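To start, the structure itself, in structure tokens.
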Amino acid sequence: MNGAELLIETAIGEGVKVCFANPGTTELPMVVALDRVPGIRGYLGLFEGVCTGAADGYGRMLDKPAMALLHLGPGFANGIANLHNARRAKSPVLNVVGEHATWHRDADPPLAMDIESLARTVSGWWRTSKSALDIPADIADAVTATRLGQVATVIVPHDYQLAECDEHRVKELGSPFDPLEPNSVEAIASRLKTSRKMALMLGGRALRERGLKVAARIRKRIGCDLLAPTLPGYMERGPGLPIVERVPFYPERAVEMVSRYEVVLFAGAPEPVTFFGYPGVRSRVLSDEQEKIVLCTDRQNVIEALEYLADALGASSDLIIDDNLLGRPERPEIPGGELTAEKACLTLAATQPENAIIVDEAITTGLSYFLLPTALPAHTVMNVSGGSIGQGIPCATGAAIACPDRPVIDLQGDGSGLYTVQALWTQAREGLNVTTLICSNRSYRILQVELSRSGIAPNGPNAEALTELTKPPIDWVRIAQGFGVPGVSVSTAEDLARELGKALTEPGPHLIEMLLP
Ligand SMILES: Cc1ncc(C[n+]2csc(CCOP(=O)(O)OP(=O)(O)O)c2C)c(N)n1
Ligand SMILES: [Mg+2]
Numbered sequence: 000m001n002g003a004e005l006l007i008e009t010a011i012g013e014g015v016k017v018c019f020a021n022p023g024t025t026e027l028p029m030v031v032a033l034d035r036v037p038g039i040r041g042y043l044g045l046f047e048g049v050c051t052g053a054a055d056g057y058g059r060m061l062d063k064p065a066m067a068l069l070h071l072g073p074g075f076a077n078g079i080a081n082l083h084n085a086r087r088a089k090s091p092v093l094n095v096v097g098e099h100a101t102w103h104r105d106a107d108p109p110l111a112m113d114i115e116s117l118a119r120t121v122s123g124w125w126r127t128s129k130s131a132l133d134i135p136a137d138i139a140d141a142v143t144a145t146r147l148g149q150v151a152t153v154i155v156p157h158d159y160q161l162a163e164c165d166e167h168r169v170k171e172l173g174s175p176f177d178p179l180e181p182n183s184v185e186a187i188a189s190r191l192k193t194s195r196k197m198a199l200m201l202g203g204r205a206l207r208e209r210g211l212k213v214a215a216r217i218r219k220r221i222g223c224d225l226l227a228p229t230l231p232g233y234m235e236r237g238p239g240l241p242i243v244e245r246v247p248f249y250p251e252r253a254v255e256m257v258s259r260y261e262v263v264l265f266a267g268a269p270e271p272v273t274f275f276g277y278p279g280v281r282s283r284v285l286s287d288e289q290e291k292i293v294l295c296t297d298r299q300n301v302i303e304a305l306e307y308l309a310d311a312l313g314a315s316s317d318l319i320i321d322d323n324l325l326g327r328p329e330r331p332e333i334p335g336g337e338l339t340a341e342k343a344c345l346t347l348a349a350t351q352p353e354n355a356i357i358v359d360e361a362i363t364t365g366l367s368y369f370l371l372p373t374a375l376p377a378h379t380v381m382n383v384s385g386g387s388i389g390q391g392i393p394c395a396t397g398a399a400i401a402c403p404d405r406p407v408i409d410l411q412g413d414g415s416g417l418y419t420v421q422a423l424w425t426q427a428r429e430g431l432n433v434t435t436l437i438c439s440n441r442s443y444r445i446l447q448v449e450l451s452r453s454g455i456a457p458n459g460p461n462a463e464a465l466t467e468l469t470k471p472p473i474d475w476v477r478i479a480q481g482f483g484v485p486g487v488s489v490s491t492a493e494d495l496a497r498e499l500g501k502a503l504t505e506p507g508p509h510l511i512e513m514l515l516p
């Protein structure tokens, strides 16, 4: 075996099943190894941001890593924006990046870059392999890091990929978690028993079913509200799961919402801060007077910590949760008439099938969607957690590969969609069940809103030109068709409901442009 084959064999042994790739010459031994050592399926992304966004979507859905295979520093750099989203979503992603042969680096070839510096900004763990024989341990350590909800990056020189390795060491994976400190959780339980006006803010794995169910018990026992970050990376919702409120995007509303609480307990979520520093508005949404308690570190198991806390509070697993604290199976009516952002969200909510995966990169159009769906059939919502747009179409692609039996619906801003639109081609090539709903307001609407909120200057011709998308208008139906995805444009809620229904019953990807004011 050579180093590249060893790498693939180790990744297969660690449970990796898919590889989103955009390779170059320095990765070709690994491309060949994918065929020589069968077990990982390769998916071509036509831009590295597609590969990393798809690996993120896959990782969020299955809570285990896909591999993203990227070419040297420039390829990795192209993938960074979506790796940033993955990092914020605590999503497991295993990057493998080729590096020039060790003997060739000194010549400073054209594609040479400082890959480790790039890796550092988005990866919780990274390493350049020191020899071919070290590759299995590097992959094993990287996969262990992903189990903590981290992006991990292995950089593999070309000569080590080609080197023959007669014997190699296999590394056993241990638990990635630091142990819990029972005393600390018990002290938190005592503190909560004597508090009033409490919120439990959930993030990461705590927003999956098991975490939500234990959070429901804690709420029932101590009467706290349940909160989530503004853009949670992964959240399950539906009948039987507790209603969780997200911290609003705009600072004044966020501050108003959290001002209700004397104590906020964080379980897998960071303290909320405003997205931007607005003059005269504080960065941290909570005030100094409000008590903040952190249940566990990012290196501890948040689900175990919540379960331990529930037991310490006497919130046993047979506690009956009142129906009014849970999402109930209800649907809004399909509205009628010309589409608006709100009607688009209502129509989606009225139509989405059981077990849908909703990717929300709708920016301004999606605002009213989240306020509805607690009462909808069971579904998963994924947001652009790092605020780095161009995530939706790739994320939906990876989610559909992870969960081929679940319908994926991508509520997609038009401006954001254009960053990584070529992911539609991967959807067509793989016949993925993704319906992309383009929120075609033909603008960077959120920037127009921010401009008018800032009151700094009236909109001049440059401010107008840099925030609108009408000259020329973008032809979404032909873009979709050009990538092999059937596309249609609708302007009323009735037409949207009909086309969405059709798209969801026909196999393969579809794109529906929703013409919005
Ligand atoms: C990588 C990256 N580039 C630029 C931005 C700044 N930005 C945030 S939202 C946005 C426009 C979003 O437009 P669209 O998807 O059409 O949603 P709308 O605002 O119209 O609802 C831009 C350019 C960003 N967040 N991330
Ligand atoms: Mg727009």
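Using my numbering, the first residue of the sequence shown is number 0, and each one after it goes up by one. Beta carbons: idealized from backbone N, C-alpha and C, even for Gly. All figures in this text were calculated on a predicted structure; none of them were measured in a lab.
Candidates the options: which alpha carbon is nearest residue i's?
i, options, result
"Val184", "Met197, Gln299 and Gln351", "Gln299"
"Gly439", "Glu467, His99, Asn432 and Trp424", "According to the sequence provided, residue 439 is Ser. The question's Gly does not apply to it. For the residues Glu467, His99, Asn432 and Trp424, the minimum Cα distance to Ser439 belongs to Glu467."
"Ala355", "Ala118, Gly78, Trp475 and Asp409", "Asp409"
"Asp321", "Leu5, Asp413, Ile333 and Pro241", "Pro241"
"Trp424", "Ile478, Met0 and Gly454", "Ile478"
"Ile154", "Gly483, Ala141, Gly276 and Val293", "Ala141"
"Val383", "Leu514, Asn84 and Lys129", "Asn84"
"Thr229", "Lys219, Cys223, Leu71 and Tyr249", "Tyr249"
"Gln390", "Leu61, Ile79 and Gly12", "Ile79"
"Gln351", "Leu436, Asn461 and Ala100", "Leu436"
"Gly46", "Ile333, Gln421, Leu117 and Leu305", "Before going further, note that residue 46 is Phe rather than Gly in the sequence given. Out of Ile333, Gln421, Leu117 and Leu305, Gln421 has the C-alpha closest to the C-alpha of Phe46."
"Arg87", "Glu98, Gly148 and Ala76", "Gly148"
"Leu515", "Val380, Leu347 and Lys342", "Lys342"
"Val254", "Gln289, Glu235 and Gln160", "Gln289"
"Ser453", "Phe275, Ile11 and Glu337", "Phe275"
"Arg441", "Gly507, Asp413 and Phe482", "Asp413"
"Leu246", "Glu235, Tyr233, Leu499 and Pro271", "Checking the sequence, you will find Val at residue 246 rather than Leu. Ranking the options by Cα distance to Val246, first place goes to Pro271."
"Gly459", "Ala340, Gly500 and Gln447", "Gln447"
"Gln411", "Asn94, Ala340 and Pro28", "Ala340"
"Ala311", "Ile217, Thr363, Glu261 and Glu166", "Ile217"
"Ile302", "Ser258, Leu179, Asp105 and Glu463", "Leu179"
Check whether the Cβ of residue i lies closer than 7 Å to any heavy atom of ligand 1, and answer yes or no.
i, result
"Thr363", "yes"
"Gly232", "no"
"Ile445", "yes"
"Ser387", "yes"
"Ala395", "no"
"Ala80", "yes"
Any heavy atom of ligand 2 closer than 7 Å to the CB of residue i?
i, result
"Gly414", "yes"
"Tyr418", "no"
"Cys344", "no"
"Ser442", "yes"
"Cys438", "yes"
For residue i, which residues does DSSP report across the bridge?
i, result
"Cys18", "Gly41 and Met66"
"Gly412", "Cys438"
"Phe369", "According to DSSP, Phe369 bridges with nothing at all."
"Leu541", "Residue 541 cannot be examined here, being either before or after the span of the chain that is shown, 0 to 516."
"Lys291", "Val263"
"Leu110", "Paired residues: none, contrary to the question."
"Ile473", "In DSSP, Ile473 forms no bridge with anything."
"Glu235", "Thr379"
"Ala151", "Leu93 and Trp124"
"Ser488", "Glu512"
"Leu325", "Pro241"
"Pro527", "A question about residue 527 goes unanswered here, because the residues of the chain that appear run from 0 up to 516."
"Val407", "Ile356 and Val433"
"Arg283", "Val272"
"Asn1", "Glu163"
Stretch pair the stretch 29 to 45 + the stretch 361 to 378: three plus CB contacts closer than 8 Å: no
Contact between the stretch 392 to 409 and the stretch 51 to 59 (3+ Cβ pairs under 8 Å): yes
The stretch 401 to 421 in contact with the stretch 349 to 364 per 3-pair CB rule at 8 Å: yes
Validate contact between the stretch 2 to 19 and the stretch 130 to 140 using beta carbons, cut 8 Å, 3 pairs: yes
Contact between the stretch 238 to 254 and the stretch 211 to 218 (3+ Cβ pairs under 8 Å): yes
Touching by the beta-carbon criterion (3+ pairs, under 8 Å), the stretch 329 to 337 and the stretch 216 to 229: no
Contact the stretch 109 to 116 vs the stretch 54 to 72: 3+ CB pairs below 8 Å: yes
Stretch pair the stretch 56 to 63 + the stretch 186 to 196: three plus CB contacts closer than 8 Å: no
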